[in-house]
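Visitor:
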Amino acid sequence: MKEKSYEQVLEEFNDVDKINNPSHYKGKFGLEAIEVVKNFAFGLEGIEGFYWGNAIKYMLRFQKKNGLEDLKKARKNLDWLIEEMENEE
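Numbering (our numbering), first residue to last: 35 to 123.
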């Protein structure tokens, strides 16, 4: 069996890292977006929790990933959340 090159091993490691620990979801001090969402999402269920979590995710990653596009996605999810909550009133 042919041994993998250093570059191949590094590429495979980076692919796994992108799945399990993507840098665009990690803050300056190592806090991940999912940790923020889990910490603050109490009381939100179903579609409301989904919209809220997505909005937070996009706001936390916008500087490292898709910039303005992520902010627009966050705004859209907030709009959907607001609509959902207004319909419950």
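Ideal Cβ positions, reconstructed from N, Cα and C, are used throughout, including at glycine. These numbers come from a predicted model, not from an experiment.
By how many angstroms is the C-alpha of K36 removed from the C-alpha of K89?
Guide: With the sequence shown as reference, residue 89 is identified as Ala, and Lys is not the correct amino acid for it. Whole-angstrom Cα-Cα distance: 46 Å.
Visitor: Between the Cα of I68 and those of Y92, I81 and G77, spot the shortest distance and give me the residue it belongs to.
Guide: Of the candidates Y92, I81 and G77, the one whose C-alpha sits nearest the C-alpha of I68 is Y92.
Visitor: From V60 to G80, what does the alpha carbon distance come to, in whole angstroms?
Guide: Checking the sequence, you will find Lys at residue 60 rather than Val. Roughly 25 Å separates the two Cα atoms.
Visitor: Once DSSP output is grouped into helix, strand and coil, what is the label at K72?
Guide: Residue state, collapsed to three classes: helix.
Visitor: Which of the three DSSP states, helix, strand or coil, is assigned to K60?
Guide: In the structure shown, K60 sits in a strand (DSSP, three-state: E or B).
Visitor: Please state whether DSSP places E66 in a helix, a strand or coil.
Guide: E66 falls in the strand class under three-state DSSP.
Visitor: If I'm right that E82 touches L115 with Cβ under 8 Å, what's the distance once you round it to whole angstroms?
Guide: Contact holds; Cβ gap of about 6 Å.
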